[in-house]
Every structure is written in C-alpha cells, then in structure tokens.
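K.L.:
Just so we're aligned: the sequence shown equals residues -22 to -1, 1 to 217 in mature numbering (1 follows the signal peptide of the UniProt record, and there is no 0). Every residue, glycine too, gets a C-beta built ideally from N, C-alpha and C. Take a look at the following structure, please.
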Amino acid sequence: MQLFASLLLAAVTFVSVPASEAKSLRVWNNCGDRVWFHEVYGSFSQVYGVNSHDGTYLSMPPDNEGVAVKVYTGCSDDSATSCTTGGVNNNGGASPFIIAEATYVGNTVNYDISPLYGYNRAIKINTGDTNCPGVQCNINSGCPVPGPDGSCYAPCCSSASGCLGTNNCPYDSNPNYNHAYGAPGANSDWYHNACPNAYSFPDDDCSNYGHTPDVSCGDNTDVTVTLCPNGASSNYNFC
C-alpha cells in the first residue's frame, strides 16, 4: 500500500503543471453558424473551419512572436479564399473581419482585440485565470459603415470603397481620410464607444481615450478566443 501511494504521488507530481506554464491557444465558436479562424504568425498560416458550438486548439507561436487570429464567415470551403466577410484573399479589408491578437513571453501573455479591418462577429479573449480580465467587443447596432452579413467596416474609413487594401486602418496614407499613419480615423470615436477595450485606431493607448486595449496576464497563459460570447462589450480601465 505504501509503495502504491508513493507511485501515485509520483504520478500526480509528474502530471501537475503550474497554471503559469500551461500555454495554449484555443478558439470556441458560440455562434449559430460555421466560422473560419485564420491563424497567422511569422511564416505560419493556417485556416481552421469550426462548426457552431465547437472549438479547437491552434498552433502555439514561439515566445515574443505575436499571433493574429482572424475571423471569417460564409466561406465556400475550408480554404477560406472566398468568404462573405474576411477571407484569405481579402485585399486588406475588402470585406470586414475582426482579429484577436496574443503574444506569449515566458509565463506572461499579452492579448487584445483589433477591429482595425472591421467587425464581423462579437468576440472575447481571456485566459484561464479569472484575475486576468477577459476583454470583449459586441456591436449590436449603429454601425456607421455597414458591411455584408451584419458586419461593420473599419474605423479608419468613411465608406466601403475606402476600406480596400492600403486605404484601411493600419496603412492609411490617403489624404481623403485626413489623418496620418496610426492616428484616429473617421469612425474611431464610434468604435471606441462601442468597444472600449478594442483598438479603435493603430496607435490607440492610454494617452488618447484614457483606455488601453492591451491586457497582460502573468498568472495563466491558457488563452481562449470565443465568438458570439454572452454579454456586452467590456469596459475596463487598464491605464
């Protein structure tokens, strides 16, 4: 009996991993339709088709290399090259898509929500530690530049045609939109009010709206991205 207890203790000790070391990146589709998650970091690029009320684990990026999880809807197949919103061949926002971002650094993870290419599904990103706030963006109405399938075009352009390619938020150098690279766009104020904890323009930080979209968690690096989460947009002040 003592030998069995010792072996059992050893087994438990072997499989027990501190929460701060349990790195993972998981997506969950709480929407009523199939969606496509496009994971990108470095030279890595992979699309995951996920059915309603289902999820999957994504590839883990190396430390200090940011990962973007792009959300597409209405795709004709799992290549996600032809979609109602987003898509691999999207010309930088030809139709809107939202992004969740994360960077793992040792036992810490930094994460945020970026609608800089638009909004097409409510989204939440959180870790397994309830002490680290989950941030959420949920737009129900009032989009200033509506897109297909209930989506919303990016905050830095004032028309659907203005959101194509390099005229979109991260690259906007077109004088028609009257703002410099990285600065607020035509609808950044609206986006900030709708989703205070998401990026409303590329250089969004504490010096602008008194909020920062960036969250850091040092207690748990088990990250989950959820589409169509319950509840409204989060409104935490991390500054």
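Taking 7 Å as the threshold (C-beta atoms), are residue 179 and residue 196 in contact?
P.N.:
Counted from its first residue, the sequence shown places residue 196 at position 218. Counted from its first residue, the sequence shown places residue 179 at position 201. Not closer than 7 Å, so no.
K.L.:
What do you reckon, are the CB atoms on residue 134 and residue 97 nearer than 7 Å?
P.N.:
As a working note, residue 134 is residue 156 in the sequence shown. As a working note, residue 97 is residue 119 in the sequence shown. Their beta carbons are not under 7 Å apart, which means residue 134 does not touch residue 97 by this criterion.
K.L.:
Kindly indicate which three-state DSSP category residue 129 falls into: helix, strand or coil?
P.N.:
To locate residue 129, count along the sequence shown from 1; it is residue 151. Reduced to three states, the DSSP call for residue 129 is coil.
K.L.:
Taking the alpha helix (DSSP H) that residue 172 falls in, what are its first and last residues?
P.N.:
What you label residue 172 is simply residue 194 of the sequence shown in a count that begins at 1. Where residue 172 is concerned, the enclosing alpha helix (DSSP H) stretches over 166 to 172.
K.L.:
Would you check if the distance between the CB atom of residue 59 and the CB atom of residue 75 is smaller than 7 Å?
P.N.:
In the sequence shown, counting from the first residue as 1, residue 59 sits at position 81. In the sequence shown, counting from the first residue as 1, residue 75 sits at position 97. No. Outside cutoff.
K.L.:
Nearest to residue 119 by alpha carbon, out of 99, 204, 108, 186?
P.N.:
Residue mapping note: residue 119 aligns to position 141 of the sequence shown, counting from 1. Considering only alpha carbons, the answer is 99.
K.L.:
Given this structure, state the Cα-to-Cα distance separating residue 112 from residue 54, to the nearest angstrom.
P.N.:
Reading the sequence shown from its first residue, position 134 is the one you call residue 112. Reading the sequence shown from its first residue, position 76 is the one you call residue 54. When rounded, the distance between both Cα atoms is 32 Å.
K.L.:
DSSP three-state call for residue 163: helix, strand or coil?
P.N.:
By 1-based counting over the sequence shown, the position of residue 163 is 185. Residue 163: coil per DSSP, three-state reduction.
K.L.:
Report the option in 78, 171, 125 whose CA atom is closest to the CA atom of residue 211.
P.N.:
The residue labelled residue 211 in the question sits at position 233 within the sequence shown. Nearest C-alpha to residue 211: 171.
K.L.:
Is the beta carbon of residue 81 less than 7 Å from the beta carbon of residue 140?
P.N.:
Here residue 81 corresponds to residue number 103 of the sequence shown, with the count starting at 1. Here residue 140 corresponds to residue number 162 of the sequence shown, with the count starting at 1. No, Cβ-Cβ distance for residue 81 and residue 140 is not below 7 Å.
K.L.:
Which first and last residues belong to the beta strand (DSSP E) in which residue 194 is found?
P.N.:
For this step, residue 194 is matched to residue 216 along the sequence shown. From DSSP, the beta strand (DSSP E) with residue 194 extends over 193 to 195.
K.L.:
According to DSSP, is residue 9 part of a helix, a strand, or is it coil?
P.N.:
Here the question's residue 9 lines up with position 31 in the sequence shown. Coil at residue 9, not helix or strand.
K.L.:
Taking buried to mean at least 16 other C-beta atoms within 10 Å of its own C-beta, is residue 40 buried or exposed?
P.N.:
Stepping through the sequence shown from its first residue, residue 40 is reached at position 62. Flag for residue 40 reads exposed.
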